[in-house]
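Trainee: Quick one: the structure is below, questions incoming.
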Amino acid sequence: MTTLMQFKDVDVHYGPIQALKKVSLTVDEGEIVTLIGANGAGKSTLLMSIFGQPRISSGEIIYRGEDISQKSAHYVASHGLAQSPEGRRIFPGMTVEENLLMGTIPIGMDHAEEDMQRMFELFPRLLERRNQRASTMSGGEQQMLAIARALMSRPKLLLLDEPSLGLAPIIVKQIFQILEDVASTGMTIFLVEQNANHALKLANRGYVMVNGEIRLTGTGAELLVNPEVRDAYLGGH
Amino acid sequence: MSQAVGINFKKSSIDAFIAGLMALVLFGPIVGVVLDGYGFNAEFGRVAWIVAIVAVGRFVMSSFMQTEKGIALAFRYANNDDGVTVLPPGHKSKMVWIIPLVVVIGLVLPFVASKYVLTVIILGLIYVLLGLGLNIVVGLAGLLDLGFVGFYAIGAYGLALGYENLGLGFWSMLPIAAIMAAVAGAILGFPVLRMHGDYLAIVTLGFGEIIRLILTNWASFTHGPNGVSAPLPTFFGLEFKRRSSEGTFHEFFNLPYDSAYKYMFIYLVLFAVVWAVLFIKHRLVKMPIGRAWEALREDEIACRSLGLNHVLVKLSAFMIGASTGGLAGVFFATYQGFVNPSSFTFFESALILAIVVLGGMGSTLGVVIAAFCLTVLPEMLREFAEYRVLMFGILMVVMMIWKPRGIVRVTRTGFSPKKGVAK
Chain X
1 MTTLMQFKDV DVHYGPIQAL KKVSLTVDEG EIVTLIGANG AGKSTLLMSI FGQPRISSGE
61 IIYRGEDISQ KSAHYVASHG LAQSPEGRRI FPGMTVEENL LMGTIPIGMD HAEEDMQRMF
121 ELFPRLLERR NQRASTMSGG EQQMLAIARA LMSRPKLLLL DEPSLGLAPI IVKQIFQILE
181 DVASTGMTIF LVEQNANHAL KLANRGYVMV NGEIRLTGTG AELLVNPEVR DAYLGGH
Chain E
1 MSQAVGINFK KSSIDAFIAG LMALVLFGPI VGVVLDGYGF NAEFGRVAWI VAIVAVGRFV
61 MSSFMQTEKG IALAFRYANN DDGVTVLPPG HKSKMVWIIP LVVVIGLVLP FVASKYVLTV
121 IILGLIYVLL GLGLNIVVGL AGLLDLGFVG FYAIGAYGLA LGYENLGLGF WSMLPIAAIM
181 AAVAGAILGF PVLRMHGDYL AIVTLGFGEI IRLILTNWAS FTHGPNGVSA PLPTFFGLEF
241 KRRSSEGTFH EFFNLPYDSA YKYMFIYLVL FAVVWAVLFI KHRLVKMPIG RAWEALREDE
301 IACRSLGLNH VLVKLSAFMI GASTGGLAGV FFATYQGFVN PSSFTFFESA LILAIVVLGG
361 MGSTLGVVIA AFCLTVLPEM LREFAEYRVL MFGILMVVMM IWKPRGIVRV TRTGFSPKKG
421 VAK
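So the protein lines, in turn, are chains X and E.
Take 1 as the starting number for the first sequence in the UniProt record's numbering and just add one per residue.
Take 1 as the starting number for the second sequence in the UniProt record's numbering and just add one per residue.
Next comes the structure, spelled out in structure tokens:
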């Protein structure tokens, strides 16, 4: 397995506050890697720093052998990284199809038709609602749309920021089922989650972040039974 | 809600009393006290009339809103506010025949209308152009620009000063002014790329004022408050003056001299330019850049996470909007024959913004209608000129209550890559 993305001793500062402290992690091709941690641990910061927002203050972010930490967001997006941002952030006034088309911006419209077809197969619910405004859909459907939109740029690595945020447990289950389907197509996924239980069950490997530092790492199954993780994130029992 | 049909007159009376009291407080000092030399007369009769009218009006309205019809009405408007209506892709409007009709009426109009009507309509069309330009910046890209009049001034002064210093006429300045305004748009755009909402509004407001102050104070170049005269357009080198060494329009065609010819010509050129701008805007909205503008308005963070080049998107919106404003400025200068800084005050910016907001943010048709309403109606109601700003305020309040999304709700045809995706 080859390394797709690697964080090397990454520091991020918001003014005087240090949000990430010497974070190192790797994502190999074809893997599902998850990063779990509590509110404010720095998970979303880590994800956004891949897109240069905020810029990292030291360290390197290596993606396919190239340091992308100082590249612009559109450079990163057009080189095979796509993200479904925290809180979904779909375009409410646009239809489902238009939202999906926005996802093609980094690579152009050449494959739009065929990719959209593929998304509708993966997410049949979106096909039903293709000409509906995105704001009129349920939270789960919006999350599906956000994931589909990210996939429209044909990424090598899919970055997901809390896809379970604000969704009912049954919908969360559905979303994770879909992620499993996406992964089975060979997609590499880096998943940032608070819902440790679901995330660790899905992931090959996991990292636990506490106060901007990587505290623990291991396979999903190992972390799931790790007493420290259980106490902190899985409700203890 | 159907059981609450009985009218509660007590509630209506209280409403009426409160409205009357407010009218008394508001109108008492303004209407009731009339200056007379160094003293004043108290005119309580007039105040009483106004208060009575307001109270009775409120009573009738309050009662009506409790009837079944009123409840239905209120319900309809309460649910009116859900943004853009999207039609399925490939939707063909039944109103397409209206476009050729408008073109024909527009082309016939200058030959039948009086000179006065024509000048008013030219003014209306200039504001249509301004509205369309600002509509791209505010309506589509969602960047609140309060200094749009700056670009208008650049276009107008571009024509006047270009003629004076470089001998450039109307036709050469038309594209040059558009480019100049676009460059100014880019210069304004760069420093404000990181700003949003209120901050952006203040900076652009400052920009508009800077342009006006430069025009006022750089007297050696712009002639300051005295203004500059601007040239008329030429018809293939023929001028619209009474006499000219270059050859005049009326002599060439053996017509008696009439000052209306120049307005007819300006009107026809302006009419063509407005249609060209409408067409370009229509195409842009369907192109990726147009959708990027709308995406930027809807959610900037999402745009960044999608890797949208927001520098390019914002700058292009500013530049295209500004160049349209510059075009409008050239027409304004040639139509007036004279420009001075007092035409480019903040009130103009506010008026253009009002056109966009009243018309319905992002709605082209709405902007056209609103531009005519706000420029042509005041001209036609000359007798009420003193009440213009009052009417303007009332119109704004009424609109915000009943049509918060503008005269014409933004309705657009949905976009799909090609026909026949899936199914």
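The C-beta atom is built at its ideal place from N, Cα and C for all residues, glycine as well.
Considering only residues of the same chain and omitting the five flanking positions on each side of His310 of chain E, which have a CB-CB separation below 8 Å?
Mentor: Once the five neighbours on either side are set aside, the close Cβ partners of His310 of chain E are Leu193, Leu296, Glu300, Cys303, Arg304.
Trainee: Would you verify that the beta carbon of Ile289 of chain E is, or is not, closer than 8 Å to some beta carbon of chain X?
Mentor: Chain X contact via Cβ: absent.
Trainee: For a cutoff of 8 Å on Cβ pairs, would you count Ser78 of chain X as touching chain E?
Mentor: Judged by the 8 Å Cβ criterion, Ser78 of chain X is in contact with chain E.
Trainee: Compare the beta carbon distance of Ala181 of chain E and Gly326 of chain E with 8 Å and say whether it is the shorter of the two.
Mentor: Contact flag set, yes.
Trainee: Is the segment 138 to 150 of chain E in contact with the segment 391 to 398 of chain E, if contact means three or more CB pairs nearer than 8 Å?
Mentor: No, the segment 138 to 150 of chain E is not in contact with the segment 391 to 398 of chain E.
Trainee: Could you pull out every unbroken beta strand (DSSP E) segment of at least 3 residues lying fully inside the segment 28 to 72 of chain X, listed in chain order?
Mentor: Listed in chain order, they are 32 to 37, 58 to 63.
Trainee: Where Arg388 of chain E and Gly28 of chain E are concerned, what is the direct C-alpha to C-alpha distance, given to the nearest angstrom?
Mentor: Their backbone Cα atoms lie some 22 Å apart in a straight line.
Trainee: Does any residue of chain E bring its CB to less than 8 Å from the CB of Phe123 of chain X?
Mentor: With 8 Å as the cut-off, Phe123 of chain X does not count as an interface residue toward chain E.
Trainee: Using a Cβ-Cβ distance cut-off of 8 Å, determine whether residue 424 of chain E contacts chain X.
Mentor: Residue 424 of chain E is absent from the structure shown; chain E starts at 1 and stops at 423.
Trainee: Establish whether the CB of Pro106 of chain X and some CB of chain E are separated by less than 8 Å.
Mentor: Taking Cβ atoms only, chain E reaches closer than 8 Å to Pro106 of chain X, which makes this a yes.
Trainee: Going by other Cβ atoms of all chains shown within 10 Å of its Cβ, with 16 needed for buried, is Phe7 of chain X buried or exposed?
Mentor: Counting Cβ neighbours within 10 Å, Phe7 of chain X comes out buried, since at least 16 surround it.
Trainee: If I follow the unbroken alpha helix (DSSP H) through Ala42 of chain E, where does it start and stop?
Mentor: Looking at the DSSP string, Ala42 of chain E is not in any alpha helix (DSSP H); the run it does join, the beta strand (DSSP E), is 39 to 42.
Trainee: Run through chain E and tell me which residues come within less than 7 Å of Gln142 of chain X, C-beta to C-beta.
Mentor: None at all; the shortest Cβ gap to chain E is about 12 Å.
Trainee: What do you get for Pro124 of chain X, buried or exposed, if any count of 16 or more other CB atoms within 10 angstroms of its CB means buried?
Mentor: It is exposed - the Cβ of Pro124 of chain X has fewer than 16 other Cβ atoms within 10 Å.
Trainee: Does the beta-carbon of Asp81 of chain E have 16 or more other beta-carbons within 10 angstroms, so that it is buried, or is it exposed?
Mentor: Reliability of the predicted coordinates at Asp81 of chain E is poor, the pLDDT of 49 falling under 50, and no value is obtained from them.
Trainee: Between E:Val60, E:Pro231, E:Asn217, which lies nearest to Leu159 of chain E when the distance is taken from Cα to Cα?
Mentor: Of E:Val60, E:Pro231, E:Asn217, the residue nearest in Cα terms is E:Pro231.
Trainee: Check the DSSP bridge columns for Gln177 of chain X and list the partner residues they point to.
Mentor: Answer is none; Gln177 of chain X lacks a bridge partner.
Trainee: Can you tell me whether DSSP reads Lys156 of chain X as helix, strand or coil?
Mentor: Of the three classes helix, strand and coil, the one that applies to Lys156 of chain X here is coil, per DSSP.
Trainee: Which first and last residues belong to the beta strand (DSSP E) in which Asp11 of chain X is found?
Mentor: Asp11 of chain X -> beta strand (DSSP E) spans 3 to 14.
Trainee: Comparing C-alpha positions only, which one of X:Ile105, X:Leu46, X:Ile175, X:Asp161 sits nearest to Ser138 of chain X?
Mentor: The shortest C-alpha separation from Ser138 of chain X is found at X:Ile175.
Trainee: Can you tell me the Cα-Cα spacing of Pro16 of chain X and Pro54 of chain X, whole angstroms?
Mentor: The straight-line gap from Cα to Cα measures roughly 14 Å.
Trainee: Do you know how far the Cα of Gln177 of chain X is from the Cα of Gly108 of chain X?
Mentor: So the alpha carbons of these two residues sit roughly 29 Å apart.
Trainee: On the premise that Ile32 of chain X lies in contact with Ile189 of chain X, defined as a C-beta separation below 8 Å, what is that separation, rounded to the nearest angstrom?
Mentor: So it is a contact: roughly 5 Å between Cβ atoms.
Trainee: Counting Cβ pairs, one atom from each stretch, are 3 or more of them under 8 Å apart for the segment 277 to 296 of chain E and the segment 39 to 55 of chain X?
Mentor: The segment 277 to 296 of chain E, when compared against the segment 39 to 55 of chain X, does not touch it at the 8 Å Cβ threshold.
Trainee: Assign Leu160 of chain X to buried or exposed, taking buried as 16 or more other Cβ atoms, counted over all protein chains shown, within 10 Å of its Cβ.
Mentor: Buried.
Trainee: Based on DSSP bridge pairs, tell me the residues matched to residue 238 of chain X.
Mentor: Here chain X covers residues 1 to 237 and nothing more, so residue 238 of chain X does not appear.
Trainee: How far does the alpha helix (DSSP H) with Glu162 of chain X in it extend, from its first residue to its last?
Mentor: Unbroken run through Glu162 of chain X: none, as it is neither H nor E.
Trainee: How many Å lie between Met65 of chain E and Ser12 of chain E at the Cα?
Mentor: Cα to Cα, Met65 of chain E sits roughly 10 Å from Ser12 of chain E.
Trainee: Which first and last residues belong to the alpha helix (DSSP H) in which Glu121 of chain X is found?
Mentor: Element bounds for Glu121 of chain X: 112 to 122.
Trainee: Enumerate, from N- to C-terminal direction, the unbroken alpha helix (DSSP H) stretches of 4 or more residues contained entirely within the segment 112 to 155 of chain E.
Mentor: Those alpha helix (DSSP H) runs which fall completely within the segment 112 to 155 of chain E and span 4+ residues are 115 to 134.
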